[in-house]
Amino acid sequence: MNHANQLEQIVYLNGHFIPMVDSKISTQDRGFLFGDGVYEVIPVYDSKLFRFKEHLQRLKNSLNAVSIQNPLSDSEWLTLLNTLIEKHPWKDQYIYLQVTRGIQIQRDHLPAEGLTPTVYAYTNPLKPVAPHILESGIKVITLEDIRWLKCDIKAITLLPNVMMKLAAKAQGADDAILVSREGLITEGTASNAFMVKEGTIFTPPNSNKLLPGITRQVIERIANAHGIPLIEQDITEAMLNEADEIWLSSSTKEALPVTMLNGNPVGTGKPSAVWQNINRFYHQYKQECLQTK
Ligand code: PDD
Numbered sequence: 002m003n004h005a006n007q008l009e010q011i012v013y014l015n016g017h018f019i020p021m022v023d024s025k026i027s028t029q030d031r032g033f034l035f036g037d038g039v040y041e042v043i044p045v046y047d048s049k050l051f052r053f054k055e056h057l058q059r060l061k062n063s064l065n066a067v068s069i070q071n072p073l074s075d076s077e078w079l080t081l082l083n084t085l086i087e088k089h090p091w092k093d094q095y096i097y098l099q100v101t102r103g104i105q106i107q108r109d110h111l112p113a114e115g116l117t118p119t120v121y122a123y124t125n126p127l128k129p130v131a132p133h134i135l136e137s138g139i140k141v142i143t144l145e146d147i148r149w150l151k152c153d154i155k156a157i158t159l160l161p162n163v164m165m166k167l168a169a170k171a172q173g174a175d176d177a178i179l180v181s182r183e184g185l186i187t188e189g190t191a192s193n194a195f196m197v198k199e200g201t202i203f204t205p206p207n208s209n210k211l212l213p214g215i216t217r218q219v220i221e222r223i224a225n226a227h228g229i230p231l232i233e234q235d236i237t238e239a240m241l242n243e244a245d246e247i248w249l250s251s252s253t254k255e256a257l258p259v260t261m262l263n264g265n266p267v268g269t270g271k272p273s274a275v276w277q278n279i280n281r282f283y284h285q286y287k288q289e290c291l292q293t294k
């Protein structure tokens, strides 16, 4: 399956595996009208789900937080995702899955009782970040975090993230690191944030201001296992400006080095030693996970 015929991809919609071209959602779906839903993005390596339990738990937390009933059991989720993976030729994929509150004819902010959630999932080839990007790192700017106070929920309502990404692009940057109204770093527009100072890794603690990233969790585990100091601590913009290294992390980009911040080089201006170690250990860890399955 190449790019040209991606529309021949098979998607999962409400109990059925169907060609993407045939997948249709009602205009009255509350996901469409209200952004009333939650989602997950799960990486797949060598046709195997990576950190499935953790992603499923976060999905359940998101559903619970917005009072949408989990429509499937754990084993039904697993079967759904594995079936979707099998239907596509790519070894490495990333699955997008979304659950909305469902269809409601009469528009009302208050959800009607007994709605049937809409469940949608599809998969894409997962390409590693290009080597030249890992060699040079990316450029980011800091922006005021204009989102709501429930950023720990993986909600489909991503308009502020889209606007901040556009603002970053307009300023010639690849992405933005977000600063809360209290002057603290929260995360990236679709990633968690890390900085390194004198060999110690810092990342903001989990809170309602950021998503508890699964990649972030893996990085913490790796740092602990290899004796690299990592502290969850509030990070001010002033601290970020003095960082030796900055990285972003997500399921699709893994640990991504940031080498320019607001037009100034970060540390040496090149991806540096701590990131290189973490990146190497991350890949080793992925291999270990594949072998134990
Ligand atoms: N986003 N913070 C935000 C706001 C995110 O959207 C993401 C991931 C993360 C990192 O989480 P994880 O390591 O579990 O992927 C943090 C996904 C990839 C997306 O929206 O496409």
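My numbering numbers the first residue of the sequence shown as 2 and each following residue consecutively.
C-beta atoms are modelled at their ideal positions from N, C-alpha and C, and glycine is treated no differently.
Nearest-angstrom Cα separation, counted from residue j out to residue i
i: V100; j: V39; result: 6 Å
i: P162; j: V12; result: Per the sequence shown, the amino acid found at residue 162 is Asn instead of Pro. Those two C-alpha atoms are separated by around 25 Å.
i: S305; j: A256; result: Nothing in the structure corresponds to residue 305, since the chain is present only between 2 and 294.
i: N15; j: T84; result: 14 Å
i: I157; j: I232; result: 30 Å
i: L160; j: L167; result: 11 Å
i: W248; j: P258; result: 4 Å
i: K88; j: A122; result: 13 Å
i: I202; j: E55; result: 23 Å
i: Y220; j: Q277; result: Checking the sequence, you will find Ile at residue 220 rather than Tyr. The straight-line gap from Cα to Cα measures roughly 12 Å.
i: M261; j: D176; result: 11 Å
i: G21; j: Q10; result: It should be pointed out that residue 21 corresponds to Met in this sequence rather than to Gly. Whole-angstrom Cα-Cα distance: 6 Å.
i: H295; j: Y46; result: The structure shown does not extend to residue 295, since the chain spans only 2 to 294, so no value can be given for it.
i: D109; j: L241; result: 44 Å
i: Q234; j: A194; result: 12 Å
i: W91; j: L81; result: 17 Å
i: R102; j: K61; result: 14 Å
i: V275; j: T28; result: 48 Å
i: K254; j: R59; result: 19 Å
Opposing strand residues paired with residue i [DSSP bridges]
i: Q58; result: BP columns for Q58 are empty, so no partner.
i: M240; result: DSSP lists no partner for M240.
i: P44; result: Y95
i: L50; result: V45
i: H17; result: L14
is_contact[residue i, chain B] using C-beta, thresh 8 Å
i: I279; result: Of the protein chains in this structure there is only one, and it is not chain B.
Opening and closing residue of the beta strand (DSSP E) in which residue i lies
i: I223; result: It is not in any beta strand (DSSP E) - I223 instead sits in the alpha helix (DSSP H) that spans I215 to A226.
i: T204; result: T201 to T204
i: N193; result: N193 to K198
i: T1; result: Shown here, the chain extends from 2 to 294; a query on residue 1 therefore has no answer.
i: A174; result: Element bounds for A174: n/a, residue is neither H nor E.
i: V12; result: I11 to L14
i: S250; result: E246 to S251
i: L185; result: No beta strand (DSSP E) contains L185, which DSSP labels as neither H nor E.
Where the alpha helix (DSSP H) containing residue i begins and where it ends
i: W276; result: A274 to Q292
i: S126; result: The residue you asked about is not Ser; residue 126 is Pro in the sequence shown. P126 -> not in any alpha helix (DSSP H); beta strand (DSSP E) instead, spanning T119 to P126.
i: L81; result: D75 to E87
i: L34; result: R31 to F35
Rounded Cβ spacing between residue i and residue j (contact assumed at less than 8 Å)
i: P272; j: E183; result: 30 Å between Cβ atoms; not a contact.
Heavy atom of the ligand HEM within 7 Å of residue i beta-carbon
i: R31; result: The ligand HEM is absent from the structure shown, which contains only the ligand PDD.
Point to revise | Contact between the segment 183 to 201 and the segment 26 to 40 (3+ Cβ pairs under 8 Å) | key: no
Review point. When the Cβ atoms of the segment 265 to 274 are set against those of the segment 147 to 164, are three or more pairs found closer than 8 Å?
Key: no
Review point. How about the segment 208 to 228 and the segment 168 to 177: do they share at least three Cβ pairs that are nearer than 8 Å?
Key: no
Check your understanding: Would the segment 215 to 222 and the segment 238 to 245 be scored as touching if the rule is three or more Cβ pairs under 8 Å?
Key -> Touching, no, given that fewer than three Cβ pairs across the two stretches are closer than 8 Å.
Review point. So does the segment 60 to 76 actually touch the segment 109 to 127, counting three or more Cβ pairs closer than 8 Å?
Key: yes
Check your understanding: Counting Cβ pairs closer than 8 Å, one from the segment 272 to 292 and one from the segment 47 to 54, do we hit at least three?
Key -> yes
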